[in-house]
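Below: one structure, written as structure tokens.
Residue numbers (the working numbering): 487 to 803.
This is how it looks when you write it as structure tokens:
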């Protein structure tokens, strides 16, 4: 265990659904990316007495955490029980740059960073299987029946190509370009959006099935474009996917406006990401300067936060 002067640190990052949201519900593929531009850090310092937690939601004793943080409290208690150590004597500080309820994996990322920090604090080795097990405990409390995708992406380093009920497939991300993400400032509406797609499928079965199938095909094309380092093709694929998602009624006026703004400012492609009806959108740029320009214009047009992430090949000063 760390001494009173030491700190243990755990980190994690956000996630972005590049393509395939909603159609993945109907057994089509989707691609999710680790998104280090939005990250989480948890620091644990040894203190005397009962443990305390400091975060943007709550500052106070661990034993008195609100319901919104019960998943973290229970994860801490479970790990301490399993490691046969006391739950007292810790000052836990959570610093997250990932906005909650935006489809960026916030709760899984915080859990990942917390678990890593705890294992560092108690000076125990942590393998990936154990990490995913404890993230699963936290996510089940937070979400009821999580897919496990957020846990895998926020703790991993590679993109994942996944189809429901099949084992996720990781692959390398080596694309010459940049991904911009922008937050609408509105919470995503996952349940409502998923339900409305299901209603649309009952009402207009043929058209909706074609849209869903086409989104699946676009996802496969996106993977090929990534593997071939063809960012122009990838951009076109993302823009087409956004039009399909809009036809499925999961976009909204603000998302459409930000997507259009990005395209008008030179983005190679743009779309909503995640559940829609709020949350975030993404855009592609060839250079870092172009990405900065697009991000600036998105902020001028209603985004409340933007992030820029290199897609693998190039770096900038």
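Every residue gets a Cβ at the ideal spot worked out from N, C-alpha and C, and that includes glycine. Given the structure is predicted, the values throughout are model-derived calculations rather than measurements.
Residue 735 and residue 532 have their alpha carbons spaced roughly 50 Å apart. Beta-carbon to beta-carbon, residue 503 and residue 518 are separated by about 5 Å, close enough to satisfy the 8 Å threshold.
About 13 Å separates the beta carbon of residue 769 from that of residue 669, a gap too long to meet the 8 Å contact definition.
Taken in chain order, the complete alpha helix (DSSP H) segments of 4 or more residues contained in the region 727-762 are 739-750.
Residue 595 is not a Cβ neighbour of residue 494, given a cutoff of 8 Å.
In this structure, residue 597 and residue 562 do not form a Cβ contact; the two beta carbons are roughly 10 Å apart against a cut-off of 8 Å.
A distance below 7 Å between beta-carbons, with the five flanking residues on each side excluded, links residue 718 to the following residues of its chain, in chain order: 754. With contacts defined as CB atoms closer than 8 Å, residue 701 and residue 725 fail to qualify as a contacting pair.
Here DSSP, grouped into helix, strand and coil, assigns residue 607 to helix. In the structure shown, residue 651 adopts coil according to DSSP, grouped into three states. Its chain contains 659, 661, 663, 664, 665 as the residues whose beta carbon lies nearer than 7 Å to that of residue 797, once the 5 sequence neighbours on both sides are disregarded; these appear in chain order. Cβ-Cβ distances below 7 Å link residue 697 to 730, 733, 734 in the same chain, with the five nearest sequence neighbours on each side left out; the list follows chain order.
Going by DSSP, residue 559 is part of no beta strand (DSSP E) but of the alpha helix (DSSP H) stretching over 556-569. Sixteen is the threshold: when 16 or more other Cβ atoms of the shown chains lie within 10 Å of the Cβ of residue 636, as they do, the residue is buried. Under the DSSP assignment, residue 636 falls in the alpha helix (DSSP H) whose first and last residues are 635-641. Here residue 590 is buried, its C-beta having at least 16 other C-beta atoms within 10 Å.
A direct Cα-Cα distance of roughly 17 Å separates residue 703 from residue 654. If the five residues before and after residue 721 are omitted, its C-beta is found closer than 6 Å to the C-beta atoms of 754, 755, 770, all from its own chain and listed in chain order. Exclusion of the five residues before and after residue 676 leaves 761 as the residues of its chain whose Cβ lies within less than 6 Å of its Cβ.
For a cut-off of 8 Å, the C-beta gap from residue 618 to residue 641 is around 7 Å, short enough to register as a contact. Apart from the 5 residues on each side of it in sequence, residue 787 sits with its Cβ closer than 6 Å to the Cβ of 747 in its chain, given in chain order.
Setting aside the 5 residues that flank it on each side, residue 715 is surrounded in the same chain by 660, 661, 662, 799, each with a C-beta closer than 8 Å to its C-beta; the list follows chain order. Rounded to the nearest whole angstrom, the C-alpha separation of residue 686 and residue 692 is 10 Å. As DSSP reads the structure, residue 577 sits in a beta bridge with 531, 538. According to the DSSP assignment, residue 664 belongs to no alpha helix (DSSP H) but to the beta strand (DSSP E) extending over 664-669. Residue burial annotation: residue 667 is buried, with at least 16 other C-beta atoms found within 10 angstroms of its C-beta.
According to DSSP, residue 787 shares a beta bridge with no other residue. Its Cα nearest to that of residue 739, the residue 765 stands out among 752, 727, 765.
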